[in-house]
Amino acid sequence: MRKGSSTDQPVAVTPGTAVRAVVTGDTGALVRSRPRERIEVATDRLKTVDSRVWCVCDPDVLVIGGGATGVGVARDLALRGVEPLVVDRDGLCSGASGRSHGLLHSGARYADSDPDGAAECLEEARILRRIAGACVADTGGLFVRLAGDDASYFEEKRTACQSVGIPVETLTPSEAREVVPELPAEVEQAMRVPDGVVYPSRLIAANAIDAGAHGAEVRPHAPVESITVQDGAVTEVRLGGTAETTVTPEFVVNAAGAWAGRVADRAGVSVEMAPTRGVMVSVEYDGLGPVLNRCRQPADGDIVIPHASEAVLGTTSVPVDNPNDYDTPAWEIDASVEECAKLLPPVAEAPVVRSWWGLRPLYAPDEATRGGRGISRGFVRLDHAADGVANMVSIVGGKLTTYRRMAEATADLVCERIGCSAPCETADRALLGADDPARLDEAVGTFDGQGPTDVDITTPV
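Residues in the sequence shown are numbered from 33 upward in steps of one, following our numbering.
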């Protein structure tokens, strides 16, 4: 039962509730169904490829999308006593979250173009440092102006950061080289900001663990095949893949990222997406320290992210018509390396470990006049009651850093509609297992949730 209802009772954890190992390190609740039916568990730990260990029951809320926002919504709802089912057509972390550059935003990148979004990033990054443990790294960051870059833009950026409340410290070229000795001779100015790094595979696994421990069911490899709408509401959703069942949720959350428009189409509503692709290139480079940002108007190849013995270089921004089928040209790799080498010269000759493209799940009405660069990274919550579907909401846009806030805003609407009065707790409660990297990495493997961003960090079992 939901918190805040007059019949609120704890759900008993018994062998018949499909509770299995890795949350407690032994036999805790990783993926949980309501105690409506008993299933046979054929293995000692969950395997996403083995449907025998999964129980799909009708949830209070169906969350479509197993990225950070989707599992974040599931965690938020579960902590409020709502019983969600989160599904993804692939493994968890297979979309934008797991294919990002993994920047934990201080807000500085958007301070001049979107101060409200920057302030949101600043606050959410602080929350993640408190609750996310081994899912993040507090590296700090530098914005670096090179010779030829606009000096007035540096001052505008610094002033904008200060106006938002982002801590900044201006450094001379020699002071900047004390932080990163291999910065080029062309450094003119630098400023220190509280950037960091997110390991998305771990972050999503931690949210899934926590959600499952509090009553959610997490189901990768379960694509939505159809959505039935009758009398102004979703009445059933057909799931394929490892699920092969039909569920009748009370409410539906569309958190499918770049694919949100396609999910919405199945329900007869419109969500206009304008995704852009961006390439990331990971090279061998040990001991970088802080995140490096080129302090100029946004352009290709303006960020370097530290990753253990690697550095992730990025990125590009090219509009994409079809999120399932888009070009991945080699020139984008070359352009990113060439531009990032101006910021950190040794990466020009560093061996490339891997490269990958990710999709930014941008909302088309917001992008119409912005061109995909230097734009807001705010999120948009679309209540489809206005479109004639009373029990469906889509959540689009945003950043990995702000996933928790996106989830909170979505869960607030859902709870208002289904009559749950419990407040959000996600900002004040540490993610379950977040301080145990081995436990997180086991869950990454269990959920088939390894994205390319942090494959050098995680060790899935």
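Cβ coordinates follow ideal geometry from the N, Cα and C atoms, glycine included.
| Query | Result |
| --- | --- |
| Pick out whichever of Pro393, Leu117 and Ala422 has its Cα sitting closest to the Cα of Val412. | Pro393 |
| Between the Cα of Glu414 and those of Asp332, Gly149 and Val303, spot the shortest distance and give me the residue it belongs to. | With the sequence shown as reference, residue 414 is identified as Leu, and Glu is not the correct amino acid for it. That would be Val303, whose Cα lies nearest to the Cα of Leu414. |
| So, are the CB atoms of Val315 and Val384 less than 8 Å apart? | yes |
| Looking at the unbroken alpha helix (DSSP H) that takes in Phe186, where does it start and where does it end? | Ala183 to Val196 |
| Distance, Cα to Cα, Arg161 vs Asp170? | 7 Å |
| Count the other CB atoms, across all protein chains shown, that sit within 10 Å of the CB of Ser408; report buried if there are 16 or more and exposed otherwise. | Bear in mind that a pLDDT of 45 at Ser408, under 50, signals an unreliable position, so the model cannot answer this. |
| What is the C-beta distance between Ala441 and Pro355, in whole angstroms, given that I count them as a contact (C-beta under 8 Å)? | Not a contact, Cβ separation roughly 23 Å. |
| Should the segment 278 to 289 be regarded as contacting the segment 145 to 160, the criterion being three or more beta carbon pairs within less than 8 Å? | no |
| Any chance you could list the beta strand (DSSP E) runs of at least 3 consecutive residues sitting entirely within the segment 337 to 407, in chain order? | 342 to 346 and 384 to 392 |
| Find the nearest neighbour of Leu178 within the set Ala164, Val266, Ala151 and Asn325, judged by alpha-carbon distance. | Asn325 |
| If you reduce the DSSP assignment to three classes, tell me which class Val421 lands in. | coil |
| What three-state label does DSSP hand Glu115 in the structure shown? | coil |
| By a C-beta neighbour count over all protein chains shown, 10 Å radius and 16 as the cutoff for buried, is Trp388 buried or exposed? | buried |
| What's the gap between the Cα of Ala243 and the Cα of Glu249? | 8 Å |
| Short check: CB of Ala238 to CB of Leu472, under 8 Å? | yes |
| Is Ile486 buried or exposed, if buried means 16 or more other CB atoms sit within 10 Å of its CB? | Correcting the residue type first, residue 486 is Asp in the shown sequence and not Ile. So Asp486 ends up on the buried side. |
| Ends of the beta strand (DSSP E) at Asp415? | Phe411 to Asp415 |
| Just to confirm the assignment, what range does the beta strand (DSSP E) spanning Arg177 have? | Gly173 to Leu178 |
| Can you tell which of Ala362, Met305 and Pro484 has the C-alpha that lies nearest to the C-alpha of Arg386? | Pro484 |
| Any contact between the segment 460 to 471 and the segment 153 to 167? By contact I mean 3 or more CB pairs, one from each, below 8 Å. | yes |
| Could you tell me which residues DSSP puts in a beta bridge with Gly272? | DSSP, once it has assigned bridges, lists no residue as partnering Gly272. |
| So, at 8 Å on beta carbons, what are the nonlocal neighbours of Leu203 in its own chain, with the 5 sequence-adjacent residues on each side left out? | Leu174, Val211, Gln221, Ala222, Met223 and Arg224 |
| Could you pull out every residue in the same chain whose Cβ sits closer than 6 Å to the Cβ of Ala459, ignoring the five residues on either side in sequence? | Ile159 |
| Identify the residues that DSSP records as bridge partners of Leu94: which are they? | Leu117 and Val284 |
| Can you give me the Cβ contacts of Ser83 inside the same chain, cut-off strictly under 8 Å, excluding the 5 residues immediately before and after it? | Reliability fails at Ser83, whose pLDDT of 31 lies under 50, so the model's placement of it is uncertain and the value that follows must be treated cautiously. Contacts found: Thr274, Ala275 and Glu276. |
| Name the DSSP bridge partner or partners of Gly228? | Leu136 |
| When the distance is taken between beta carbons, is His133 closer than 8 Å to Val344? | yes |
| Are the CB atoms of Gly102 and Ser233 within a distance shorter than 8 Å? | no |
| For Glu201, count the other beta carbons within 10 Å of its own beta carbon; 16 or more makes it buried, fewer makes it exposed. Which is it? | exposed |
| Report, in whole angstroms, the separation of the C-beta atoms of Glu156 and Arg437, which I expect to be a contact under 8 Å. | 5 Å |
| Let me make sure I understand the geometry here. Which of Val311, Gly410, Leu235 and Pro205 has the alpha-carbon closest to that of Gly429? | Gly410 |
| Please name the residue, chosen from Ala110, Met312, His416 and Ala254, that lies closest to Gly293 on a Cα-to-Cα basis. | His416 |
| Give me the Cβ distance between Gly104 and Gly264, rounded to the nearest whole Å; I'm assuming they're in contact under 8 Å. | Actually they are not in contact, since the Cβ atoms of Gly104 and Gly264 sit about 28 Å apart, beyond 8 Å. |
| Would you mind stating whether Val379 and Tyr317 have Cβ atoms separated by less than 8 Å? | yes |
| Tell me, please, which residues DSSP counts as bridged to Arg326. | Val176 |
| Taking DSSP as the reference, what is the three-state secondary structure of Val256? | strand |
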